[in-house]
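Asker: Everything in the sequence shown is counted per the numbering used here, starting at 38 for the first residue and increasing by one.
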Amino acid sequence: MEITLHVQGVHNCEALVFFAFEKEGEMMPAFKTWLGEKGAWLAENPLLIGFSGRKKSVRYFFSPTGTESPMVILVGLGKRDVFMVRELRQAVAAAMGCAADLELKCLGLDVAVLADTGLEATLAVEEAICAVETAAYKFERLKTNDNGPKKNPTEFRLIAAAESEANLRGSMDKARAVGMGLRLTRDLVNMPSNLATPEYLATAARETAKRHDFGIEVLEADEIEALGMGAFAAVFQARREQARLIILDTHPDQGAESQSRTEAAEADKPLVVIGKGITFDTGGISLKPSQGMEEMKGDMAGAAAVIGFFEAYGQLKSRRRVVGIIPCTENLTGSRAIKPGEVVKTFSGKSVEIVNTDAEGRLLLCDVLSYAGKYDPHGIVDLATLTGAMVVALGPQIAGAFTPQKSLSALIREIGERVGEPCWPMPLWEGYQEELKSEVADLKNVGSREGGAIHAAMFLQRFVPKNTPWIHVDIAGPAYSKKKTDLGISGGTGFGVRTLLELVQEWPENFIDDGERS
Numbered sequence: 038m039e040i041t042l043h044v045q046g047v048h049n050c051e052a053l054v055f056f057a058f059e060k061e062g063e064m065m066p067a068f069k070t071w072l073g074e075k076g077a078w079l080a081e082n083p084l085l086i087g088f089s090g091r092k093k094s095v096r097y098f099f100s101p102t103g104t105e106s107p108m109v110i111l112v113g114l115g116k117r118d119v120f121m122v123r124e125l126r127q128a129v130a131a132a133m134g135c136a137a138d139l140e141l142k143c144l145g146l147d148v149a150v151l152a153d154t155g156l157e158a159t160l161a162v163e164e165a166i167c168a169v170e171t172a173a174y175k176f177e178r179l180k181t182n183d184n185g186p187k188k189n190p191t192e193f194r195l196i197a198a199a200e201s202e203a204n205l206r207g208s209m210d211k212a213r214a215v216g217m218g219l220r221l222t223r224d225l226v227n228m229p230s231n232l233a234t235p236e237y238l239a240t241a242a243r244e245t246a247k248r249h250d251f252g253i254e255v256l257e258a259d260e261i262e263a264l265g266m267g268a269f270a271a272v273f274q275a276r277r278e279q280a281r282l283i284i285l286d287t288h289p290d291q292g293a294e295s296q297s298r299t300e301a302a303e304a305d306k307p308l309v310v311i312g313k314g315i316t317f318d319t320g321g322i323s324l325k326p327s328q329g330m331e332e333m334k335g336d337m338a339g340a341a342a343v344i345g346f347f348e349a350y351g352q353l354k355s356r357r358r359v360v361g362i363i364p365c366t367e368n369l370t371g372s373r374a375i376k377p378g379e380v381v382k383t384f385s386g387k388s389v390e391i392v393n394t395d396a397e398g399r400l401l402l403c404d405v406l407s408y409a410g411k412y413d414p415h416g417i418v419d420l421a422t423l424t425g426a427m428v429v430a431l432g433p434q435i436a437g438a439f440t441p442q443k444s445l446s447a448l449i450r451e452i453g454e455r456v457g458e459p460c461w462p463m464p465l466w467e468g469y470q471e472e473l474k475s476e477v478a479d480l481k482n483v484g485s486r487e488g489g490a491i492h493a494a495m496f497l498q499r500f501v502p503k504n505t506p507w508i509h510v511d512i513a514g515p516a517y518s519k520k521k522t523d524l525g526i527s528g529g530t531g532f533g534v535r536t537l538l539e540l541v542q543e544w545p546e547n548f549i550d551d552g553e554r555s
């Protein structure tokens, strides 16, 4: 897909897209300026009758003779006084849908009209390109015929308001990097589990590391067991595919064992990002219902988002050191599967009674959270499709964010709103600690049904390295969409890639008087 940037009008597009605010409709200045002396043609065009600019409304028609592009697409943004970036994303998706129906190959998008809304030109460029990348995505690699959905345009020309060319190019480069990370993440999530095995994820991580000169280490099942990760190992006992523990490092020369690392300043400590990688989840002995089980191929969406984040982060050549830890396995039934009531010893030394084998994600994460302490990290973020209870609480579009650090809670909420990946702050309620008490072990892996997402987060909190800022993001709802959204997304959404990119770059340097430490 080719995207070019222009600060003046573009020529030779099959269609130009203009955005209109509600009740401003066809009278918007950019459209009238483009028409020039042919403006009287507006009053004569019956296709414009009734077009109000209502959100996501679309009209298309042939241009008057003598204009540069043969076709015009008008897309409504809704009311100007409530306009937000989300409306731009929705409008771009609507324009993409119209262009696909018309089988257009080259499309011009005019976002300069947004200049008087307070939306910076750089942000308009970034969000428009991200929306194009999102709406243009299709997962068709396993199809053997060409009878699927109509093809999207392959060439886009973006018209932006006057701004420093370097700034606009920077926004375009960032958006293209985000697009690469999102495509990789969505491909991994959409791939069926017989193909997207733990080793498949490891291969994707290796390829990403090679492209960007990152360090990578991939541990196999016997090495994971040798480390003492008894909770992780319990989950993969009944595996068909070999488990993997993937470790990515953007700056491997600053590894924990190096002399330079031990002498590094506090600011050089890495951030650790962790992604749950259950490549298929049957629930184990605590078997899931059959209806909808095919969607459990997406239980590795946290792992996929972390790999996609590293792809985007590498494209941006960012300097901050980030370590990714990605535990990958299947959760299957069978004669070797762990049974409810068994007790395992974790990497931290704590013992865990496994009451429910379908609460397996937290067993992977508890071991790698403790393991992350070897990097003496500046902070830890984990992404996981962890609980159905989170979907019940917040629905399919919003992730739940759990952290004892108030500033992190506020930051991720603001970032989520900004990038279109909403994350709602959730409580770590001390009164629920009783739910995790076990008669035979230090704690058990589930509490009662009510408050299940909170219990899961509080379980994880027990394994966070002491005095380490941490945030757990339960993406069970928004990681996978069963039906097409108003942004043109279905299947794997790529949720988490953009949030991680912004969170890593804006992570607070200090946490003074900012809530409990884990």
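Note that the Cβ used here is the ideal one computed from N, Cα and C, for glycine as well.
Leaving out five residues on either side along the sequence, give the residues of the same chain with a beta carbon under 7 Å from the beta carbon of Val54.
Answerer: For Val54, where only same-chain residues beyond five positions count, the Cβ hits under 7 Å are Ile110, Val112, Ala132, Leu144, Gly145, Leu146 and Asp147.
Asker: Is Ala516 closer than 8 Å to Gly335 when the C-beta atoms are compared?
Answerer: Their beta carbons are under 8 Å apart, which means Gly335 touches Ala516 by this criterion.
Asker: Determine the burial state of Phe99: buried for a count of at least 16 other Cβ atoms within 10 Å of its Cβ, exposed for fewer.
Answerer: The residue in question, Phe99, is exposed, as its Cβ has fewer than 16 Cβ neighbours within 10 Å.
Asker: With DSSP collapsed to three states, give me the class of Ala340.
Answerer: Note: Ala340 maps to helix in three-state DSSP.
Asker: Give every residue of the same chain whose Cβ lies closer than 6 Å to the Cβ of Phe439, excluding the five residues on either side of it in the sequence, and list them in chain order.
Answerer: Excluding sequence neighbours, Phe439 sits near Met463, Leu465, Ala494 and His509.
Asker: Mapping the DSSP letters down to three states, classify Phe98 as helix, strand or coil.
Answerer: Looking at Phe98 - three-state DSSP - the assignment turns out to be strand.
Asker: At which residue ranges does the segment 214-289 contain complete beta strand (DSSP E) runs of 3 or more residues, listed in the order of the chain?
Answerer: Counting whole runs of 3 or more residues, the segment 214-289 contains the beta strand (DSSP E) stretches 252-257 and 281-286.
Asker: Report all residues from its chain with a CB closer than 8 Å to the CB of Glu543; omit the five preceding and five following residues, and keep chain order.
Answerer: Once the five neighbours on either side are set aside, the close Cβ partners of Glu543 are Leu448 and Ile452.
Asker: Can you give the beta carbon distance from Val558 to Gly528, rounded, assuming they're within the 8 Å contact cut?
Answerer: Lying outside 38 to 555, the shown extent of the chain, residue 558 is not represented and no answer is given.
Asker: So that I know if they touch, is there some Cβ in chain B lying closer than 8 Å to that of Gly468?
Answerer: In the structure shown, chain B cannot be found, because there is only a single protein chain.
Asker: Is the beta carbon of Asp338 sitting closer than 8 Å to the one on Ile512?
Answerer: The amino acid occupying residue 338 in the given sequence is Ala; Asp does not appear at that position. Yes, they are a contact pair.
Asker: Checking 8 Å against the spacing of the C-beta atoms, do Thr505 and Gly386 come in under that value?
Answerer: Going by C-beta atoms, Thr505 is not nearer than 8 Å to Gly386.
Asker: Please state the DSSP three-state secondary structure of Met38.
Answerer: Of the three classes helix, strand and coil, the one that applies to Met38 here is coil, per DSSP.
Asker: Helix, strand or coil for Val501? Go by DSSP, reduced to three states.
Answerer: If DSSP states are grouped into helix, strand and coil, Val501 belongs with coil.
Asker: In three-state terms, what does DSSP make of Tyr517?
Answerer: Residue state, collapsed to three classes: strand.
Asker: Let me make sure I understand the geometry here. Which of Lys247, Ala280 and Gly252 has the alpha-carbon closest to that of Glu262?
Answerer: The shortest Cα separation from Glu262 among Lys247, Ala280 and Gly252 belongs to Ala280.
Asker: Quick one: using the 10 Å Cβ neighbour count with 16 as the cut-off for buried, is Lys211 buried or exposed?
Answerer: Flag for Lys211 reads buried.
Asker: Helix, strand or coil, according to DSSP, for Leu423 in the structure here?
Answerer: In the structure shown, Leu423 sits in coil (DSSP, three-state: anything other than H, G, I, E or B).
Asker: What is the residue span of the beta strand (DSSP E) that Lys382 lies within?
Answerer: Start and end: Glu379 to Lys382.
Asker: Based on DSSP bridge pairs, tell me the residues matched to Asp364.
Answerer: One point to set straight first is that residue 364 is Pro, not Asp, in the sequence displayed. Answer is Leu282, bridged to Pro364.
Asker: Over the uninterrupted alpha helix (DSSP H) stretch that includes Ile371, give me the two end residues.
Answerer: One point to set straight first is that residue 371 is Gly, not Ile, in the sequence displayed. Neither: Gly371 is in no alpha helix (DSSP H) and is coded neither H nor E.
Asker: Can you grab the Cα-Cα spacing for the pair Phe236 / Arg194, in whole Å?
Answerer: The identity of residue 236 in the sequence shown is Glu, whereas the question assumes Phe. Cα to Cα, the separation comes out at about 39 Å.
Asker: Would you check whether the ligand HEM has a heavy atom nearer than 7 Å to the C-beta of Ala137?
Answerer: Only the bare structure without any ligand can be found here, which leaves the ligand HEM out of the picture.
Asker: Compute the Euclidean distance between the alpha carbons of Pro326 and Ser475, then round it to the nearest angstrom.
Answerer: Going from the Cα of Pro326 to the Cα of Ser475 covers about 27 Å.
Asker: Using the Cα positions of Leu221 and His43, report the straight-line distance between them to the nearest angstrom.
Answerer: If you take the alpha carbons of Leu221 and His43, they lie about 28 Å apart.
Asker: Apply the 10 Å Cβ neighbour rule to Thr191 and answer buried if 16 or more other Cβ atoms are within range, or exposed otherwise.
Answerer: Exposed, because fewer than 16 other Cβ atoms sit within 10 Å of the Cβ of Thr191.
Asker: Taking the continuous alpha helix (DSSP H) assigned at Gly432, which residues delimit it?
Answerer: No alpha helix (DSSP H) contains Gly432, which DSSP labels as neither H nor E.
Asker: With three or more C-beta pairs closer than 8 Å as the rule, is the segment 239-258 touching the segment 373-389?
Answerer: Contact between the segment 373-389 and the segment 239-258 is absent, because fewer than three Cβ pairs lie under 8 Å.
Asker: For Thr422, does the count of other Cβ atoms within 10 angstroms reach 16, so buried, or fall short, so exposed?
Answerer: Classification of Thr422: buried, given that the 10 Å Cβ count is 16 or more.
Asker: Helix, strand or coil: how does DSSP classify Thr159 here?
Answerer: In the structure shown, Thr159 sits in a helix (DSSP, three-state: H, G or I).
Asker: Keeping to the same chain, check which residues put their C-beta closer than 7 Å to that of Ala258; ignore five residues upstream and five downstream.
Answerer: Around Ala258: Phe273, Gln279 and Ala280.
Asker: Here's the rule I'm using: 16 or more other beta-carbon atoms within 10 Å means buried, otherwise exposed. How should Thr316 be labelled?
Answerer: The residue in question, Thr316, is buried, as its Cβ has 16 or more Cβ neighbours within 10 Å.
Asker: Examine the Cβ distances between the segment 393-410 and the segment 359-366 and report whether three or more of them are shorter than 8 Å.
Answerer: Yes: at least three Cβ pairs fall under 8 Å.
Asker: With a 10 Å radius around its C-beta and 16 neighbouring C-beta atoms as the bar for buried, classify Leu324 as buried or exposed.
Answerer: Classification of Leu324: exposed, given that the 10 Å Cβ count is below 16.
Asker: Alpha carbon to alpha carbon, how far is Arg358 from Lys411? Give it in angstroms, no decimals.
Answerer: When rounded, the distance between both Cα atoms is 15 Å.
Asker: How long is the line joining the alpha carbons of Pro101 and Phe88, rounded to whole angstroms?
Answerer: Roughly 18 Å separates the two Cα atoms.
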